[in-house]
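Protein chains in written order, with our numbering: chain A, 1 to 260; chain B, 261 to 616.
The beta-carbon is built from N, C-alpha and C at its ideal position, and this holds for glycine as well.
Remember, it's a predicted structure, so these values are computed and weren't measured experimentally.
One structure is given below, encoded as structure tokens.
Structure follows, in structure tokens:
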């Protein structure tokens with residue numbers, strides 16, 4: 001484990017995400033085996049693979065939801081392997097979940113507010129936030145970005161599935177993200193909402209990189225510049241979207257013969 | 261148990277000082293509670309000492325201690341059975357540090373030293389209880405806090421040098437200051453009313469602050485709270501500390517009201533009664549614990565005579581309380597507040613989301 005001085009010296013250099021020999025076991029099950037992966041700042045990467053390939057486990061190791069059994073995780077050069085999730089988030093990492101993890105009894109506005117407050121100061125404040133405070137402008141902007149103005153004051157538990165997915169994305173964009181992990185963001189979205197999602201992803205400032213797990217090739221390959229293929233907890237191929245699409249081995253394993 | 265505020269108000273300062281144009285709106289929104297406050301201020305004029313002290317005073321004290329439980333359970337999703345014990349620690353400390361009939365044990369420090377110190381010790385105890393249970397969920401939180409409560413009960417029962425064992429402390433006086441004997445029924449009533457109203461207002465306000473909203477977020481989804489930058493464990497421990505402050509003040513008032521404290525003030529049955537009060541009243545709104553406390557105090561005071569009057573054994577009043585608890589939990593899991601909310605929603609026909 002590195003000292004704080006080493007962490008500070010290393011911070012801000014190197015790759016946005018760097019995994020070295022990361023493995024994750026659940027009992028005897030190896031969900032990830034010896035995964036080494038680097039993603040540059042600003043890079044947009046798709047992680048593809050069949051169910052059980054270890055894609056979501058990979059994201060969980062990056063955020064610290066489930067720390068790796070072995071290996072190291074670096075975020076912008078800093079070793080974050082042992083940091084709790086909230087410390088990684090405060091350093092500019094964000095994520096969405098495959099199954100929406102939202103605050104069901106709070107309103108949409110409160111959900112987005114909490115996400116904005118979580119990456120700013122005053123998380124423990126005993127003073128109410130006024131409508132005129134700058135943070136409320138960010139909250140309103142994020143709500144309109146995902147088209148949830150009409151339900152902003154409704155409890156999240158009452159929202160339609162697609163709306164909850166939209167909110168899931170809004171929570172990951174709060175504050176000043178440096179790198180975002182999207183876990184199947186298009187799942188459950190209507191074609192219109194998918195188009196919105198593609199627009200949101202392509203409109204992100206170029207310094208914000210992301211990793212996206214997505215089964216919908218139309219979404220995934222349009223919004224990334226590189227692809228990592230996973231199978232049985234291992235990375236077996238990396239390349240540009242075009243190469244991956246054309247790769248016979250990939251077609252056999254993942255896309256199904258003849259597709260694509 | 262839906263929270264009234266969550267649907268109506270953004271994280272905006274509706275409770276902040278209203279500007280002239282908003283005054284009417286503020287008054288109308290808080291109308292029922294302002295009316296209740298006015299009634300409580302005038303209550304000693306229309307009621308005798310018995311009702312002022314034994315009904316209203318006791319209700320508000322129990323309501324405060326139950327409010328600290330409601331804050332943790334309703335907003336934080338943490339059912340802590342240690343809140344009566346926190347109140348008991350404060351009560352015992354006021355007896356040990358201050359004045360009692362036991363010069364061997366009590367230090368006879370003035371109330372303005374003993375009371376703040378008692379609160380500090382009780383808050384430290386409540387925070388420790390939080391640190392022990394903040395990483396647990398559901399039934400395990402209940403078990404840990406119940407174990408703490410039971411341990412403290414047996415400690416007070418068996419320890420004589422500090423807690424005077426079985427006998428506890430008697431003739432603990434309420435303070436005398438500003439030329440007023442605050443032990444008198446009416447002054448003590450106003451002292452209790454002041455702190456009960458203050459705790460109610462503070463809890464209502466805090467529920468919409470970043471701290472209170474984060475606590476509700478941690479209740480709904482602790483994992484997501486971590487993933488948007490919150491240290492959930494730290495937030496929960498802070499909530500225990502805040503709740504302990506309310507319980508500690510309630511504990512001191514309880515001792516000033518009864519002038520005594522003994523192990524049976526902090527027994528496991530009392531701990532369970534407090535849970536019943538909070539659940540019957542409703543965990544969804546800070547007024548709930550006070551409603552629950554009123555029902556409990558009225559049953560406790562009058563059920564015995566009422567049962568005898570209809571020819572039943574007066575000792576069955578506990579059965580009556582138990583039955584009442586069963587009925588409310590069966591028909592309204594969110595307590596009397598939930599019943600009222602559904603009733604007023606049906607009258608207004610707006611789907612039940614607008615609360616008190």
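Alpha carbon of residue i to alpha carbon of residue j, nearest angstrom
i: residue 270 of chain B; j: residue 144 of chain A; result: Because residue 270 of chain B sits at a pLDDT of 41, beneath the cut-off of 50, its placement in the model cannot be relied upon, and the point is left open.
i: residue 551 of chain B; j: residue 585 of chain B; result: 13 Å
i: residue 288 of chain B; j: residue 540 of chain B; result: 27 Å
i: residue 416 of chain B; j: residue 426 of chain B; result: 7 Å
i: residue 103 of chain A; j: residue 563 of chain B; result: 42 Å
i: residue 576 of chain B; j: residue 587 of chain B; result: 17 Å
i: residue 123 of chain A; j: residue 480 of chain B; result: 17 Å
i: residue 49 of chain A; j: residue 347 of chain B; result: 57 Å
i: residue 494 of chain B; j: residue 554 of chain B; result: 34 Å
i: residue 80 of chain A; j: residue 74 of chain A; result: 6 Å
i: residue 100 of chain A; j: residue 589 of chain B; result: 31 Å
i: residue 131 of chain A; j: residue 281 of chain B; result: 17 Å
i: residue 249 of chain A; j: residue 232 of chain A; result: 15 Å
i: residue 491 of chain B; j: residue 65 of chain A; result: 13 Å
i: residue 147 of chain A; j: residue 163 of chain A; result: 9 Å
Test: residue i CB closer than 7 Å to a CB of chain B
i: residue 125 of chain A; result: yes
i: residue 207 of chain A; result: no
i: residue 188 of chain A; result: no
i: residue 89 of chain A; result: yes
i: residue 165 of chain A; result: no
i: residue 103 of chain A; result: yes
i: residue 133 of chain A; result: no
i: residue 34 of chain A; result: no
i: residue 170 of chain A; result: no
i: residue 106 of chain A; result: yes
Closer than 7 Å to chain A by CB, residue i
i: residue 473 of chain B; result: yes
i: residue 477 of chain B; result: yes
i: residue 490 of chain B; result: yes
i: residue 608 of chain B; result: no
i: residue 573 of chain B; result: no
i: residue 594 of chain B; result: no
i: residue 387 of chain B; result: no
i: residue 282 of chain B; result: no
i: residue 487 of chain B; result: yes
i: residue 469 of chain B; result: yes
Status (buried if at least 16 other CB within 10 Å, exposed otherwise) for residue i
i: residue 523 of chain B; result: buried
i: residue 291 of chain B; result: exposed
i: residue 39 of chain A; result: buried
i: residue 274 of chain A; result: Summary: the structure shown does not reach residue 274 of chain A, with chain A confined to residues 1 through 260, and so no result is reported for it.
i: residue 331 of chain B; result: buried
i: residue 192 of chain A; result: exposed
i: residue 364 of chain B; result: exposed
i: residue 565 of chain B; result: exposed
i: residue 299 of chain B; result: exposed
i: residue 227 of chain A; result: buried
i: residue 327 of chain A; result: Outside the displayed span of chain A (1 to 260) sits residue 327 of chain A, for which this structure offers no information.
i: residue 591 of chain B; result: exposed
i: residue 138 of chain A; result: buried
i: residue 230 of chain A; result: buried
i: residue 646 of chain B; result: With chain B represented from 261 up to 616, any question about residue 646 of chain B goes unanswered, as that position is not in the structure.
i: residue 607 of chain B; result: exposed
i: residue 121 of chain A; result: exposed
Residue i - containing beta strand (DSSP E), residue span
i: residue 366 of chain B; result: Counting along the chain, residue 366 of chain B falls outside any beta strand (DSSP E), and DSSP gives it neither H nor E.
i: residue 273 of chain A; result: Outside the displayed range of chain A (1 to 260) lies residue 273 of chain A, so it cannot be described from this structure.
i: residue 230 of chain A; result: 226-231
i: residue 222 of chain A; result: Here residue 222 of chain A belongs to no beta strand (DSSP E), and DSSP marks it neither H nor E.
i: residue 23 of chain A; result: 17-26
Span of the alpha helix (DSSP H), counted from its first residue to its last, around residue i
i: residue 179 of chain A; result: Counting along the chain, residue 179 of chain A falls outside any alpha helix (DSSP H), though it belongs to the beta strand (DSSP E) covering 179-183.
i: residue 202 of chain A; result: 191-203
i: residue 601 of chain B; result: 595-608
i: residue 464 of chain B; result: 445-466
i: residue 328 of chain B; result: 318-330
i: residue 552 of chain B; result: 548-569
i: residue 529 of chain B; result: 528-541
Chain-ordered chain E contacts of residue i [CB-CB under 7 Å]
i: residue 210 of chain A; result: Given the protein chain composition of this structure (A and B), no chain E is represented.
Contact under 7 Å by Cβ, residue i with residue j
i: residue 401 of chain B; j: residue 411 of chain B; result: no
i: residue 36 of chain A; j: residue 20 of chain A; result: yes
i: residue 46 of chain A; j: residue 224 of chain A; result: yes
i: residue 503 of chain B; j: residue 328 of chain B; result: yes
i: residue 184 of chain A; j: residue 211 of chain A; result: no
i: residue 383 of chain B; j: residue 501 of chain B; result: yes
i: residue 433 of chain B; j: residue 359 of chain B; result: yes
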